[in-house]
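Step one of this worksheet: look at the structure below.
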Amino acid sequence: MPVKFLLLFIFISCACTVSAQKKTEEKKDSFFLAKKKGIIGRIGRSISTKDRPVAPESTVDAYKQFHGKIIRHIIIKPVGFNYRLGDSVPAKKNFPVKIANALHLNSTTELIRKNLFFKEGQPFYSLQVADNDRFLRTLEYLRDAIINVVPDEETSDSVDVVVLTRDVFSIGGKFSVSSTSKLDTELSEENFGGSGNKLSLLGLYDKARKPSYGIGGEYMLRNIRGSFINWTNGFQTFKNALRSGREEERTLYSKLERPMVSRYTTVTGALEVSYNETNNSYLTDSLYKSDYKYSFFNADFWMGYNFGGKRSKLKDEADELRHFVAFRSFFNTFYSTPDKYDGGYNYLYADINGFLTSYSIYRQNFYRTNFIYGFGRREDVPVGIKAGVTAGFINKQGIKRGYYGAEFEWNRFSQAGCLHSYTFKAGGFAGKDGLEDIDLLASINHFTKLTTLDKYWYNRNFLSVSYTRQVTPRLNEPLFLDSEFGLPYYNRGLLEGQMRTSIKMESVFYHMKKILGFRFAPFAFTDLALLQPLGKSLKKTIGYPAIGAGVRTRNENLVFGTMELRGYYIPRPIDGMKNWKIEVSTKLQFKYNSNLIRRPDFVSPN
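Using the numbering used here, read the sequence shown as starting at 178 and increasing by one per residue.
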């Protein structure tokens, strides 16, 4: 099965790489729109078609000069996956290209128009168009998008807007190989039937599992009738179980969501329901029933109102502070739990229901750059500030408590082109004897300006520092070494603490040449986590270092995730671990997390 999958992957990759093999001496005016007459030609000649590194630039600056003018025409020009925005010649009609084209349906003009925030005859609002320009690049079935504006030569108060988009080859997937006897795969179509909807099929092969295979499926309706509402339904028979992490949980779920796609989105929220239960796939029946069997139902609803959504778009400014309020209600009940916890308590299997409310004040804008998580594609990095408070009432396993929290986030670009992100969160519960289950989290994330090493090599360095502490723990989960803020390659639950500090450094080297359309980025990293064990003094804090290296690769024409080969050396392994580890995975972030507005939530220590 792995061999067949890799052969299919290489075959499709070859079909999508012709445009990446163009000679560098191709003339700058080779962009096919540049040769057109009229406004299309003028816009074509103004577009940079290089995917070389670019300095960070504000996404709204290019639109300010057209603010308040009337949109006369909207011209939409979708481009297939086997073009680059700068190519004048389509991909060659060889056999792999023909197969890929037969499998892929290009995005239509109607699909792109459905994802626009503005219409012909309306005023041109620079902030709204900047938001739309960024939103188009978040669509999974588009490799790239750009909105350009040309003044009307006949009247000074009108403009023409041209929307250029480029597809990815929307059939893709993910795979993870953790051993010679285990393979986790996903095959997806991000633009099913050219509709913009997503269809995913999931599969697992694990020789140690009974049955040895697992299946899953998901279908997402995107932007239903132009409402920007998404509806997802799915099932899976091999989700990771709560305590063991083994892939033996079955789930059936449905989610209705309206994300905040623009600063002028007034109402946002989501409704999610799921039923989950384990199915013994690894152990004897007696041990499974005693330690691991469970089933539960979960329902979660939240809604937020953005006061900035009703602000006058004509007078609005990018630096204005905006206000957001939200309400959330949730219900989680267990129908069965492991026998060993009958009459007892374990935070993993606790019934919980309640509500949370939040108020936030925020300002968010974006800078456009590249070579952060991508390999040359345009990336939108958020800058801004957010401060918020959260309060609510929680019933956890019959224990009723109030909850209070606060958070602060600040992202900024320095004049040197470096990004600095600062986060502080604090939250706790009001018990009979005072505050308890208090979580404190502070983190700093930094990446440097992209450095040119030579004609083909670029370098960027990343640094992350975080501090997490728990005070008066009672009902909630403890701090784990295995955590987003710790060392995620340790086994969950084996090392717990009351204080954790981590420092992570990584240096990435981007190579500009392509092999079959794939760019490669070798990297090296070093991590250090300090964990103060539960009930121990600060002097008993233990350090857990790790060093390693690897390589990432991605073909930006494909919807496949970034693939990574990573090797670790762990000087201080714990029980059941080797002091080295090698992983191959595609489940990697390749877009910057850009949403300051989220549902009301607790501070998560892990």
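Beta carbons: idealized from backbone N, C-alpha and C, even for Gly.
Paired residues, beta bridge with residue i - DSSP
| i | result |
| --- | --- |
| Q709 | M676 |
| Q413 | G393 and T428 |
| M682 | L640 and T703 |
| D329 | Beta-bridge pairing links D329 to no other residue. |
| G611 | G608 |
| L360 | V354 and Y382 |
| N622 | S598 and S641 |
| M480 | G446 and F504 |
| D337 | H250 and V327 |
| T628 | N636 |
| E586 | K563 and T600 |
| P515 | For P515, which the question treats as bridged, DSSP gives no partner whatsoever. |
| T342 | P255 and A322 |
| Y581 | A568 and G605 |
| D616 | G604 and Q647 |
| F295 | Its beta-bridge partners do not exist; DSSP assigns none. |
| P300 | I247 |
| T510 | F474 |
| N407 | E434 |
| K573 | I529 and I576 |
| E556 | T546 |
| L280 | According to DSSP, L280 bridges with nothing at all. |
Whole-Å CB distance - residue i paired with residue j, under 8 Å assumed
| i | j | result |
| --- | --- | --- |
| Y452 | S513 | Rounded, the Cβ-Cβ distance is 12 Å, inconsistent with contact. |
| A564 | S537 | 7 Å |
| L612 | T567 | Incorrect: roughly 14 Å between the Cβ atoms, too far for contact. |
| Y544 | S235 | 6 Å |
| L705 | L658 | That belief does not hold up - the Cβ atoms of L705 and L658 are roughly 12 Å apart, past 8 Å. |
| Q305 | S439 | 7 Å |
| F702 | K681 | 7 Å |
| P782 | D616 | 5 Å |
| P722 | P748 | 6 Å |
| T443 | P436 | Not a contact, Cβ separation roughly 13 Å. |
| V340 | I253 | 5 Å |
| V231 | R343 | Not quite, the Cβ-Cβ distance comes to about 17 Å (not below 8 Å), so this is no contact. |
| Y526 | F511 | 5 Å |
Extent of the continuous alpha helix (DSSP H) run through residue i
| i | result |
| --- | --- |
| L288 | T286 to K291 |
Extent of the continuous beta strand (DSSP E) run through residue i
| i | result |
| --- | --- |
| N457 | No beta strand (DSSP E) holds N457; DSSP gives it neither H nor E. |
| L304 | L304 -> not in any beta strand (DSSP E); alpha helix (DSSP H) instead, spanning S303 to T315. |
| G531 | I529 to T546 |
| K758 | W757 to S762 |
| P748 | Premise fails: P748 is in no beta strand (DSSP E) and is neither H nor E. |
| G720 | I719 to R731 |
Residue i CB to nearest heavy atom of the ligand GTP below 7 Å
| i | result |
| --- | --- |
| Q647 | In the structure on display, the ligand GTP does not appear, and there are no ligands present to speak of. |
* the stretch 712–728 in contact with the stretch 691–701 per 3-pair CB rule at 8 Å -> yes
* Inter-stretch contact (C-beta, 8 Å, three-pair minimum) for the stretch 576–584 and the stretch 470–482 -> no
* Asked: If we count Cβ pairs, one from each stretch, closer than 8 Å, do we get three or more for the stretch 680–687 versus the stretch 635–653?
  -> yes
* Asked: Is the stretch 348–355 close to the stretch 408–418, with three or more CB pairs under 8 Å?
  -> The stretch 348–355 is not in contact with the stretch 408–418.
* Asked: Counting pairs of beta carbons, one from the stretch 551–559 and one from the stretch 512–532, are three or more of them closer than 8 Å?
  -> no
* Three or more C-beta pairs below 8 Å linking the stretch 493–501 and the stretch 736–752 -> Output reads no: the stretch 736–752 does not touch the stretch 493–501.
* Asked: Are the stretch 530–543 and the stretch 422–432 touching, with three or more C-beta to C-beta distances below 8 Å?
  -> Between the stretch 530–543 and the stretch 422–432, the count of Cβ pairs shorter than 8 Å is below three; the stretches do not touch.
* Segment contact flag, the stretch 281–296 with the stretch 379–394, C-beta cutoff 8 Å, min 3 pairs -> no
* Evaluate contact between the stretch 369–376 and the stretch 751–762, counting only Cβ atoms and requiring at least three cross-stretch pairs below 8 Å. => no
* Flag this pair as touching only if the stretch 234–249 and the stretch 329–341 have three or more C-beta atom pairs under 8 Å; answer yes or no. => yes
* Asked: Okay, do the stretch 323–330 and the stretch 385–402 touch, 3+ Cβ pairs below 8 Å being the bar?
  -> Per the Cβ contact rule, the stretch 323–330 is not in contact with the stretch 385–402 (fewer than 3 Cβ pairs under 8 Å).
* To do: Could you tell me whether the stretch 300–320 touches the stretch 445–465, where touching means 3 or more Cβ pairs closer than 8 Å?
  => no
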